[in-house]
Structure formats: structure tokens, C-alpha cells
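Taking it in order: structure first as C-alpha cells, then the write-up.
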Amino acid sequence: MSYYQLVPGVYVEELPEKEGKITVSIGPQHPGSGHFRLIITIDGDVVVDADPDPGYVHRGEEKMCETRDYIQNIPHLERPVVLDSAGIQFPYILAAEEILDIKDKVPEKAKYLRILLAEFNRVISHFYFLAIQAIFLGHSTVLEWSMADREVLMDLAAMLTGARVTFAYFVPGGVRSDVPSGFVDQTLKAVGYLRSRMKEYWRMLVDNPFMKMRMEGVGVLKAKDAIELGAVGPNLRASGVEYDIRKVDPYSLYDTVEFHVPTYKEGDTMSRIKIRLDEINESLGIIEQVVRKLDGMRGPVRHLVKGAALRAKPGEAYARTEAARGMMSFYIISDGGRTPYRVKVDTPSFRNMKLIPVLLKDVRVADVPIVFWSIDYWPVEADR
Amino acid sequence: MKASEFLSGFLKVVESGLRHLVRKRMTLRYPEFLVVPAPDELFGFKPGEARDTNGLRGRHLLDLDRCTGCRLCEITCNGISGAITMVKVEGQFPRNKRGIFPSIDYGRCVFCGLCVDACIFDALFMTDREELAEYDRAALLYGPEEISKPPKELPVKIRAKRAELILDERRGAHHVQRKN
Amino acid sequence: MSRGRIEGFIKGILDGLEAVYSEVKPARLKVTVKPEDMAEAARRLLSSGFDHLHSVVATDFPRDHRIEVSYIVGSVEGKLADEVVFLTTSVPRDSPELDTLSGIWPAAGLHEREQWEMLGVVFRGNDDLRPLFLEDWRDIPPLRKDYVLKRWVDEERERHGLKVERA
Numbered sequence: 001m002s003y004y005q006l007v008p009g010v011y012v013e014e015l016p017e018k019e020g021k022i023t024v025s026i027g028p029q030h031p032g033s034g035h036f037r038l039i040i041t042i043d044g045d046v047v048v049d050a051d052p053d054p055g056y057v058h059r060g061e062e063k064m065c066e067t068r069d070y071i072q073n074i075p076h077l078e079r080p081v082v083l084d085s086a087g088i089q090f091p092y093i094l095a096a097e098e099i100l101d102i103k104d105k106v107p108e109k110a111k112y113l114r115i116l117l118a119e120f121n122r123v124i125s126h127f128y129f130l131a132i133q134a135i136f137l138g139h140s141t142v143l144e145w146s147m148a149d150r151e152v153l154m155d156l157a158a159m160l161t162g163a164r165v166t167f168a169y170f171v172p173g174g175v176r177s178d179v180p181s182g183f184v185d186q187t188l189k190a191v192g193y194l195r196s197r198m199k200e201y202w203r204m205l206v207d208n209p210f211m212k213m214r215m216e217g218v219g220v221l222k223a224k225d226a227i228e229l230g231a232v233g234p235n236l237r238a239s240g241v242e243y244d245i246r247k248v249d250p251y252s253l254y255d256t257v258e259f260h261v262p263t264y265k266e267g268d269t270m271s272r273i274k275i276r277l278d279e280i281n282e283s284l285g286i287i288e289q290v291v292r293k294l295d296g297m298r299g300p301v302r303h304l305v306k307g308a309a310l311r312a313k314p315g316e317a318y319a320r321t322e323a324a325r326g327m328m329s330f331y332i333i334s335d336g337g338r339t340p341y342r343v344k345v346d347t348p349s350f351r352n353m354k355l356i357p358v359l360l361k362d363v364r365v366a367d368v369p370i371v372f373w374s375i376d377y378w379p380v381e382a383d384r
Numbered sequence: 385m386k387a388s389e390f391l392s393g394f395l396k397v398v399e400s401g402l403r404h405l406v407r408k409r410m411t412l413r414y415p416e417f418l419v420v421p422a423p424d425e426l427f428g429f430k431p432g433e434a435r436d437t438n439g440l441r442g443r444h445l446l447d448l449d450r451c452t453g454c455r456l457c458e459i460t461c462n463g464i465s466g467a468i469t470m471v472k473v474e475g476q477f478p479r480n481k482r483g484i485f486p487s488i489d490y491g492r493c494v495f496c497g498l499c500v501d502a503c504i505f506d507a508l509f510m511t512d513r514e515e516l517a518e519y520d521r522a523a524l525l526y527g528p529e530e531i532s533k534p535p536k537e538l539p540v541k542i543r544a545k546r547a548e549l550i551l552d553e554r555r556g557a558h559h560v561q562r563k564n
Numbered sequence: 565m566s567r568g569r570i571e572g573f574i575k576g577i578l579d580g581l582e583a584v585y586s587e588v589k590p591a592r593l594k595v596t597v598k599p600e601d602m603a604e605a606a607r608r609l610l611s612s613g614f615d616h617l618h619s620v621v622a623t624d625f626p627r628d629h630r631i632e633v634s635y636i637v638g639s640v641e642g643k644l645a646d647e648v649v650f651l652t653t654s655v656p657r658d659s660p661e662l663d664t665l666s667g668i669w670p671a672a673g674l675h676e677r678e679q680w681e682m683l684g685v686v687f688r689g690n691d692d693l694r695p696l697f698l699e700d701w702r703d704i705p706p707l708r709k710d711y712v713l714k715r716w717v718d719e720e721r722e723r724h725g726l727k728v729e730r731a
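Note that the protein sequences, when read in sequence, are chains A, B and C.
All residue numbers for the first sequence refer to the numbering used here, where the first residue is 1 and numbers rise by one.
All residue numbers for the second sequence refer to the numbering used here, where the first residue is 385 and numbers rise by one.
All residue numbers for the third sequence refer to the numbering used here, where the first residue is 565 and numbers rise by one.
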């Protein structure tokens, strides 16, 4: 690849020219979520090839993990997706508990509180998805609604954890703080409020004839392709594959709450929106059940681990959970030291990156933003 | 798509939008108002119950009489953001013979509150003060004397009145001023 | 499926291949095979239902002069959906080369590209081994154990004219 100067000091590589086709570099810019570049080849108005170019927000989380102990790793590991900070933190905590051998000592209340915060985060994250998808569609009403409705749950999360976004709430051994007074009532009210709002979202985004024209049949992902390419989360389920870690391999206490896993067969952009609306509804149901269980529950929320107990025995642990964007997993190898020997962070967005070239093929340039965003690709999460 | 289907869908969207004209406004006049969702408690660690109290994680508050200068907060923070360094304070402290106390660089702090968890002497807390903007990076470095005093009231012009979120299914979520 | 049953199941699939079985907590099965048996083992795992590649992990063990490469696979089908199997092999550290499995699990291509960049494991037959996250990287692969993070931090600080605080 050769480079030429665009403006003094700024080098841009020369993009290969294919016969009669133009190669366009989109970005590196901030498409609603983090810096990312997309190189597309277009023939007239139609995309024939797309090549994602990540790495603008690479932090080296895996290397950072090797120099910090199991508690110090908590704050930086929730930064890849601050919207879903509890969701992506969850498997790290589970794997760390396995390797520190304290899995059996986690109190029941802490397990429920973890489910609660993870579901809060799922709703918060899906609302953000709807907001950006709406603004990419030119639908600024839903942008404002969902940004406002997120606040309800973020305020409740702040009440519980002390922070609005980066909670640092889960620790090996439990969670950090107990349910504050009045929290249960407020949460039940919030669930009622958000339930009443979901009908309006459905009306605005799904039953809206203009949205149907824009999104139905655009960017279709077939079930076979989705499995082969390793798609996870709502994108996989929107193509008709019922694969939700919460259901198939229950962790924490997900087997004691009732919910169903929504799936759609179409696999188009519209179904990826519908599935997230459905998932918000399911999550609200889980929040309601968990909060009712927490009401009046007594007991500790944390088994305190400190000093020598933070030194893991040699061994390996693996944990996977369902974060908002899909399956999130951590693989920790310990050599008996204070810090992990190797931590592999596997994020749903990195897995879903494979979908971008497939989905954008034969899509019109005007539809690139909505198809791109419909898989909820989060560059910071993919880069880690 | 049939014309009737198109029309009914379109009218429903317009109706939904129009209904929001009579809803309460959800946004809040910041900084005159400030939402303080947590109960009026300081964020601190209770070793006996192995839990943190429910408070907002904002600027720290240090109890100079209880701090022993054990450096546990500094050691914890070194692997997180490196915001805490121990500095010497002139004066006599019976529990802290060397007279070293944490100073916090808010240009680096990520407000995770794990330093509060690390403090086994009940000396470090966090207040709900989040507004720490300064014109100069050096001004964000708070010494032990500064973080040992409770945060000053904001200037009268922008003094935050505390607001509370009201969730109402029919009229929408909105904020009202808190009574106490 | 319990640990014992999945071990029996996998042993049945990999019959005839030389394999060592170990455990990854909690009760996940790790199968270590020889590098030349990887493709055959992968093909058998795929045909028996492990159709979803979760990840590819390479780990540097300088003391044993080897790099361990694991393919983490799961299944989206009903019976095996709660299972995760690690298909592992070791390659020598000074010439880490392995045949790609992206022909068997197409999702592996991107994961192999990342491990190639981060640990320098060359996956023969993967034509997509281009830099992914790092730009103009000329140093040794960063996730190797002999790459010192602290040195990089100090160098960067110096480059930006910041004082190196550590002694």
C-alpha cells in the first residue's frame, strides 16, 4: 500500500481502483459509538465490497490485565462498552471467581443484584441502539425519546451503585452495595412506565409505513451464514437461531427467572430492530421478578476477598454470558501469581465484525448507515 | 403496501407524536437543579458488613484523624488510574506518625471508589460533588487538606436545588424539586 | 451435559487421534492434540454439531518454549448448546506455524488474524493476515511475554515530552 499526503503531515493510503468501480473510505469517524473506518467499493450506487478497518480505539485490555490483580482489573474492563458496563463485566467476575475458588461463597442476594444490573444495562444499551438507529434513519423523535427513557434506569442504577455509567459494582465475591431504601418501589414504577412507553416505540419504528419501506428486506442475514460467521446475540436471533446464553447455559440465577427468547425469521434490518424492542420487554419482566424477590431479602451482599485470598491457584477458567450485544466471554489463565497470566477478552462486537462485509454487499450507499448500525457494532468493544 | 394500511400507520404515528405535546417535560434545568438519586449518605465502606453505603461516587472526603498513612489506597489506585499519591502534611497526627496522607489527581481519577473499599480504617469517603471543572489541570490536584474539608457550596447563581425523578405512566417521567 | 458424559462423547468423536484431556473451570473440556491432527479433529467436531466458533486464543509460554493455540467452539443446536470445547495444540515458540481452520469454521479467519498480529502465530492458508488493530507495528508482537508494557509506556511518555516518573 502506498501513501500520499492529503494535507501536510496527514498520510492516506491510496485505495486500489477496480475496473469501473470506486473505492471509498468512510471515516475514520465516530458513527455513533467510537472511531472506526469502513472501506467500501461501489459500483454506481451499490456496494460490491466492504472491508471494516478497526483499531482506532484499541487499548490493549488483554495486556493491561496481565499487570493488574483481580480487583484492579475491574474498572478498565468495563470501559470497552460503557453503556453495557455491567453486562460485559459479568463474565470476567464469574471467571475470576472460578479461578479464585470462591464461587460457592457468593451470596444469593448478590447473584440477584447482578442479574438486576445486567438487565438494566441491557435495556439502557438497547435504548441507545434505538436512538442511533433512529437518527441514522432521520427519525429524530425516537432519538430524543429513547435518550430520555434511558435516564430513568440510569438514575436507578446510580441510586444502587453510586455511578451513572461505569458502575464498578461487581467484584469477585459478590456486589459492592446493598439495595437502598425506596429502590424497590421506584424500580417497579419505572418498569410500569417503560412498559407503557414500549407501545409507542413499536408504533413509531415498526408499524410506521416509512420505516417499513426503509428497512424491510434490507440487509438480510440468513441463519446459515449467521452461524458460520460466528454471529452472536440479537443479530443471530433475528435470523431465526434461538441461542441465548441466559437460556441454554444459565449462569448466576437466570434459571430461576422466567423469560422467553424472542426470535425472528426474516433476518433483515427491521427484524433486528423488532428483536431489540422485544428484548427490552423481556428484560423489564426479569427486572420486575428480580426486584420482587429482592424486596425484603436479607443477608450479606459480598463475601470479602482480600490479601492472600486474591492470589489464584494455577489453572484456567472460562465464563460466558449474554451481554446486550451478544455472547461475551472471558478466558483466564493463572500461573499462581497475583495477576492473571493471560486474559482473553472475547466481545460480541468483534465476532459480529465478520457480518459487516456480508450484510453490506448489494446494499445501496444510502442504506449503509442503517444496515451498519442495525448489527449494533460497537468499535470500542471490538478493539478492546 | 395498501393505501389504507399506509394511511392508518401514518395517522397512528402522528397521533403518538401529538400526544407528547401534553406530556410533562422530562429534561431538567441544569445546573440550577441537580438530580441526587441516592439517599443523603456518604459513599463509604463498612468492613463489618462487607458492603458500601449507597451514595453517589463524587469527590473524596478524607478523615485526617483516622488516616494512618498505610498506603492501601495508593497501592490499589496504582493499578487502576494512578491518581493517588501520598504527600507529607505538617502537623501532629497521633495515628499517623509519619504524617503522610493521600492526595488525589482528579485529572486521572475514574471514580471507581475502590480506594474507599481498600481503606480499612474508615477514613476515606466519597461525596456527591461531581462538578469539579477547572481552567487548569494543575488545579485538579487536590491535596490532603483540600479533600479533608467537605465540598464548598456552589456559587449562589448556579446553586443546585435538588430534584427528584417522578415516574408517572400517564404524564411521563419528570422532575420536581425535592422538599427537604 | 455433565463433565463425564461430554468427555465420553468427545472421546468417541476423536477416536483414533492422540489427545490429552484436561479441565477448564467450570467443568469445560480441553482437548490437546498434535498440530497436524488439528484439521481432522476440527472436521469431526464440526460434523458432530460444534458449529459455532467462539474464539481463537493463543498464549505464550516462554518457559516451555511453546505457544498454545486454542480454538473455543460451541454449538447453537439444542443438545450441545450448553457445551464449550477447547481444541488446543502447541507450536514451537521460535517458528509458530499452524494450518488455518478458517476453511472449517469460517468465523476463525478474523480471530486468527488477531492472534497473528498479537502473538505472531502464522496460520498457513489464511490469506487475510493483514494488520488489524496495530498500525505500523515494528516491535515484537505485543502479547508475547517478553514484550514489556512498561518500556512502551516510558517511551511514549518521552516521545510526548512527558516526564518519566518511575526511577
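From the three backbone atoms N, C-alpha and C, an ideal C-beta is built for every residue, glycine too.
Contact between the region 22 to 42 of chain A and the region 356 to 372 of chain A is present: three or more C-beta pairs spanning the two stretches fall below 8 Å.
CA-CA distance, Pro314 of chain A to His76 of chain A, rounds to 24 Å.
Within chain C, Lys589 have C-beta atoms less than 9 Å from the C-beta of Ile99 of chain A, given in sequence order. Separation of the CB atoms of Glu216 of chain A and Met270 of chain A is rounded to 5 Å, and the pair is thereby assigned contact status at 8 Å.
Taking 7 Å as the cut-off between beta carbons, the residues of the region 64 to 97 of chain A near chain C are Thr67, in sequence order. One thing to note: Leu160 of chain A has its Cβ no nearer than 9 Å to the Cβ of Ile280 of chain A. Counting other Cβ atoms within 10 Å of its Cβ, His30 of chain A stays below 16 and is therefore classed as exposed. For the beta strand (DSSP E) assignment, the uninterrupted runs of no fewer than 3 residues enclosed by the region 38 to 82 of chain A are, from N- to C-terminal side, 46 to 53. Listed in chain order, the beta strand (DSSP E) runs fully inside the region 419 to 486 of chain B are 444 to 446, 468 to 472, counting runs of at least 3 residues. Per DSSP, Ile704 of chain C lies in no alpha helix (DSSP H) and is assigned neither H nor E. With fewer than three CB-CB distances shorter than 8 Å, the region 184 to 198 of chain A does not count as touching the region 392 to 409 of chain B.
In summary, Ala317 of chain A is buried, with 16 or more beta-carbon neighbours lying within 10 Å of its beta-carbon over all protein chains present. Residues of chain A whose Cβ lies closer than 9 Å to the Cβ of Ala434 of chain B are, in chain order, Gly173, Gly174, Pro300, Val301, Arg302, His303, Leu304.
Interface annotation, Cys457 of chain B: not in contact with chain A, CB-CB separation never under 9 Å. Rounded to whole angstroms, the gap between the alpha carbons of Lys224 of chain A and Asn235 of chain A is 13 Å. Listed by position along chain B, the residues whose Cβ is nearer than 9 Å to that of Arg203 of chain A are Gly393, Lys396, Val397, Glu399, Ser400. In chain order, Gly192, Tyr193, Ser196 make up the part of chain A whose C-beta sits under 7 Å from the C-beta of Glu553 of chain B. Neighbours of Asn438 of chain B across chain A, judged by C-beta separation under 9 Å: Met159, Leu160, Thr161, Gly162, Ser177, Asp178, Val179, Pro180, Ser181, Phe183. Contact annotation for Glu699 of chain C against chain A: Gly55 [CB-CB distance below 7 Å, chain order]. Sequence-distant partners of Val191 of chain A (beyond 5 residues in either direction) whose C-beta falls short of 6 Å from its own C-beta, in its chain, are Leu284, Ile287, Glu288.
Contacts between Leu674 of chain C and chain A, judged by CB atoms closer than 7 Å, involve Met353, Lys354 in chain order. The Cβ-Cβ distance between Lys111 of chain A and Ser252 of chain A falls below 9 Å. In the DSSP assignment, Arg246 of chain A falls within the unbroken alpha helix (DSSP H) covering 245 to 248. For Ile704 of chain C, no Cβ of chain A is located within less than 9 Å of the residue's own Cβ.
Asp149 of chain A and Ala547 of chain B have their C-alpha atoms some 17 Å from each other. Beta-bridge partners of Gln29 of chain A (DSSP): A:Phe36.
When only Cα atoms are considered, Leu683 of chain C and Arg479 of chain B end up about 50 Å apart.
In the DSSP assignment, Leu662 of chain C falls within the beta strand (DSSP E) that extends over 661 to 663. The beta carbons of Thr67 of chain A and Gly466 of chain B sit no closer together than 9 Å. When DSSP reads this structure, Leu525 of chain B sits in a beta bridge with B:Asp489.
Put simply, the CB of Lys109 of chain A is far from chain C, with every gap to its CB atoms at 9 Å or more. Taking C-beta atoms under 8 Å as the contact rule, Val655 of chain C and Arg630 of chain C qualify, at a distance of about 7 Å. From the beta-carbon of Met385 of chain B, the residues of chain A found nearer than 8 Å are Pro209, Lys212, Met213. Trp669 of chain C places its beta carbon less than 9 Å from that of Tyr635 of chain C.
For the pair of segments examined, the region 550 to 561 of chain B was found not to touch the region 571 to 587 of chain C: the number of CB pairs separated by less than 8 Å stays below three. Here the C-alpha atom of Phe136 of chain A lies approximately 39 Å from the C-alpha atom of Leu498 of chain B.
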